[in-house]
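Q:
Residue numbers (the numbering used here): 733 to 1059.
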C-alpha cells in the first residue's frame, strides 16, 4: 500500500474506533432527572436471542396533532452509544421526548442489537468489517421495528405512512444507512411494497459504505442534518479507502445538493460530537423541519452554518478522552 492509503486506512479505523467507544448521550437539561414514562412497551422482535422492545410516548393530551389540516408525523427514535451501549429510553432523552409530545408528536423509541458490545478491536480491515456488520444489523432491527409499527398501527395510534426516523450518533448512522438501503431496494424486512419513510433526522450521523460513494436509486426522504464541523467521532466530512467510504454530513449534503434532494443542514462551526445530543438545544429547527418539510410537505432546503462558539449546545466536546478518561 502507498503511504497515503495507509494513512487513510488508519484515519478510518481511528474514527470507527471512536464511534464504537461512545456510550449513550450526555444531554444536559434542568429536567433531565424528571420522571417521564412510556404509555406502553412492546416486544417487536427476537434477534440472536435478544428480545427487542419499543417504548411508546404518545402526543400529549390536548396537544395539536395536526397543522392547518395536515397530520403531524410520528417519530421513530434510534439511540446512540457506539453500537456497544445506550438505552432506548435513557433519562437524558426524556425531556426531549416530552417536548415533542407537547408539540403533538408521538415518539416510538426502539432497541437494536449492539454489534460492538464486548468486541475488542484489533485494527485492520477486520475491525472495519465488524463495525459495518454492527451498522447493518442495527438497520435490520429498525426495519423490523418499522414492520411491527405498520402491523400494529391501530394499537399504537400512528399513521404508518407518516413516520420520521431519527437518531443520535450511532442511531443517526443507523437511520441514514437504513434510508439509503430502502431507496436502493435493500430493506431487509418485508415492508409493504412502496413503503417510504416520511423523513429523516440525523444528529451527527454518517453512512458507512463498502460500495464506494453512496448513491440513491430513488430520491431519499427529506432529511435534516445536525453536525459539528470539528467532529472527530462520527466523521463530518469524508474518508475513503478503496471502496470503503465513511461519508458524513458534509459529503452527504453535497450528494443531496447535486441531485436536487430536499435537506436541512445545520453545521455547527468548530463544534465536535456534542451536537449528537443537541436535541433540546436545536428543538426550534427540528420543529420548523417537521412542520414545514414533513407536515406541510414543502420542499424547503436549508443550509446553515452556525459560526458561534457560544451556540446553545450541550456542554463538553464528546471526544474519547473527555468522555472516558484514558480508558
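Cβ atoms here follow ideal geometry from the backbone N, Cα and C, with glycine treated the same way. The structure presented is a predicted model; accordingly, all values stated were derived computationally and were not measured.
Spatial neighbours of residue 911 within its chain, please: CB distance less than 8 angstroms, with the 5 preceding and 5 following residues excluded, ordered by chain position.
A: Cβ within range, chain order: 897, 929, 932, 952, 953, 955.
Q: Which value, in whole angstroms, describes the spacing of the CA atoms of residue 823 and residue 908?
A: Each residue's alpha carbon lies about 24 angstroms from the other.
Q: Could you check where the alpha helix (DSSP H) with residue 919 kicks off and where it finishes?
A: Neither: residue 919 is in no alpha helix (DSSP H) and is coded neither H nor E.
Q: Using three-state DSSP, classify residue 800 as helix, strand or coil.
A: Three-state result, residue 800: coil.
Q: Does residue 833 come out as helix, strand or coil in the three-state DSSP assignment?
A: The answer is helix: DSSP assigns residue 833 an H, G or I state.
Q: In this structure, does DSSP put residue 848 in helix, strand or coil?
A: Coil, per DSSP.
Q: Which stretch, first to last residue, makes up the alpha helix (DSSP H) that contains residue 990?
A: From DSSP, the alpha helix (DSSP H) with residue 990 extends over 981-991.
Q: From residue 1043 to residue 935, what does the alpha carbon distance come to, in whole angstroms?
A: When rounded, the distance between both Cα atoms is 16 angstroms.
Q: Can you list, in chain order, the residues of its chain whose CB lies under 6 angstroms from that of residue 903, leaving out five sequence neighbours each side?
A: Excluding positions up to five away in sequence, the list reads 810, 811, 812.
Q: Can you check which of these residues, 877, 905, 1027, 1036, is closest to residue 1014 by C-alpha distance?
A: If we check each option's Cα against that of residue 1014, 1036 comes out closest.
Q: In this structure, what does DSSP give as the bridge partners for residue 840?
A: BP columns for residue 840 point to 788, 808.
Q: How do the region 973-988 and the region 1015-1026 stand: do at least 3 beta-carbon pairs fall below 8 angstroms, yes or no?
A: They do not touch, by the three-pair rule.
Q: With distances taken Cα to Cα, identify the nearest neighbour of residue 939 among 786, 863, 773, 800.
A: Checking every option, the nearest Cα to that of residue 939 belongs to 863.
Q: Of all the options 789, 777, 783, which has the alpha carbon lying nearest to the alpha carbon of residue 769?
A: Among 789, 777, 783, the Cα nearest to that of residue 769 is on 789.
Q: Just list the residues that DSSP pairs residue 775 with in beta bridges.
A: In DSSP, residue 775 forms a bridge with 785.
Q: Going by DSSP, what residue range makes up the beta strand (DSSP E) through residue 957?
A: Looking at the DSSP string, the run of the beta strand (DSSP E) that includes residue 957 is 955-960.
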